[in-house]
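Those letters in the sequence shown? Residues 11 to 167, per our numbering, in order.
Heads up, the thing below is written out as structure tokens.
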Amino acid sequence: MGASWQEPGPAPPASSEAAATLMRRTGRRDTRPELALRRELHRRGLRYLVDTTPPGTNRRRRADLVFRGARVAVFVDGCFWHSCPLHLHPPRANAQWWRVKLASVVARDRDTDERLAEAGWTVVRVWEHEDVVAAADRVEALVRRPHPVTTAVPTVA
Ligand SMILES: [Zn+2]
11 MGASWQEPGP
21 APPASSEAAA
31 TLMRRTGRRD
41 TRPELALRRE
51 LHRRGLRYLV
61 DTTPPGTNRR
71 RRADLVFRGA
81 RVAVFVDGCF
91 WHSCPLHLHP
101 PRANAQWWRV
111 KLASVVARDR
121 DTDERLAEAG
131 WTVVRVWEHE
141 DVVAAADRVE
151 ALVRRPHPVT
161 TAVPTVA
């Protein structure tokens with residue numbers, strides 16, 4: 011001990027079954043909460059791009075759902091990786107490494123939010139524990155709100 015890391019460094023060996031399970035979830039594409047939200051929004055007639063960098067942003071930061079016309083970017087954040095205040099239980103083993111790692115994820119999230127807002131995007135973050143209907147309500151309200159027509163959005167009858 012004694013080392014104080016700025017960067018988490020390479021992952022320590024998974025020290026428990028729980029940590030191993032968490033680490034396997036790193037690839038977070040098409041998680042169940044995300045699929046449920048997509049299904050609900052699609053059912054409501056909303057159409058979106060999946061796992062895409064919102065146009066006009068200069069960094070490669072992908073959003074889970076992108077509504078181009080309304081300029082709304084949706085992220086479905088896992089409770090563990092994104093440090094949900096209700097369900098955050100940092101692993102005890104390798105606690106220091108996890109603290110730095112998880113803090114870096116949150117810092118990156120806030121940076122992504124800022125960059126998207128600067129580029130004129132509205133960011134919606136949904137926790138994986140959120141009720142899917144309530145989350146869809148939030149997204150739908152933003153996507154369907156009247157927005158200034160600065161760019162022509164082709165309308166298909
Ligand atoms: Zn949670």
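Glycine included, C-beta positions come from ideal geometry on N, C-alpha and C.
Within the same chain, show all residues whose beta-carbon is closer than 7 angstroms to that of residue i, passing over the 5 residues directly before and after it, in chain order.
i, result
"Pro180", "Residue 180 lies beyond the range of the chain shown here (11 to 167); nothing can be said about it."
"Ala127", "Val133"
Just to confirm, is the Cβ distance from residue i to residue j under 8 angstroms?
i, j, result
"Val134", "Val82", "yes"
"His92", "Val110", "no"
"Val142", "Ala46", "yes"
"Pro204", "Trp108", "Outside the modelled stretch of the chain, which goes from 11 to 167, sits residue 204, for which no answer is possible."
For residue i and residue j, which I take to be in contact (beta-carbon distance under 8 angstroms), what is that distance rounded to the nearest angstrom?
i, j, result
"Ala144", "Gly66", "So it is not a contact: roughly 29 angstroms between Cβ atoms."
"Val76", "Leu56", "Contact flag wrong, Cβ pair sits at about 12 angstroms."
"Arg70", "Arg125", "About 11 angstroms separates the two Cβ atoms, so there is no contact after all."
"Ala117", "Arg54", "Their Cβ separation, rounded to whole angstroms, is 33 angstroms, which puts Ala117 and Arg54 out of contact at 8 angstroms."
To which residues does DSSP link residue i through a beta bridge?
i, result
"Asp87", "Trp137"
"Ala73", "Thr62"
"Val82", "Phe77, Thr132"
What does a CB cutoff of less than 6 angstroms around residue i pick up in its chain, not counting 5 residues either side in sequence?
i, result
"Gln106", "none"
"Thr122", "Arg71"
"Gly12", "Since pLDDT at Gly12 reaches only 37, below the 50 mark, its modelled position is unreliable, and the value read off the structure follows with that caveat. Same-chain partners within the cutoff: there are none."
Confirm the yes/no value for this check: CB of residue i, any heavy atom of ligand 3, distance under 7 angstroms.
i, result
"Arg54", "Ligand 3 is not part of this structure, which contains only ligand 1."
Less than 8 angstroms between C-beta atoms, sequence neighbours within five positions excluded: which residues of the same chain meet that for residue i?
i, result
"Cys89", "Leu96, His97, Leu98, Trp137, Glu138, His139"
"Arg155", "Ala80"
"Asp119", "Phe85, Asp87, His92, Arg135"
Within 7 angstroms of ligand 1: residues by beta-carbon to any heavy atom: Those residues are Cys89, Cys94, Leu96, His97, Trp137, Glu138, His139, given in chain order.
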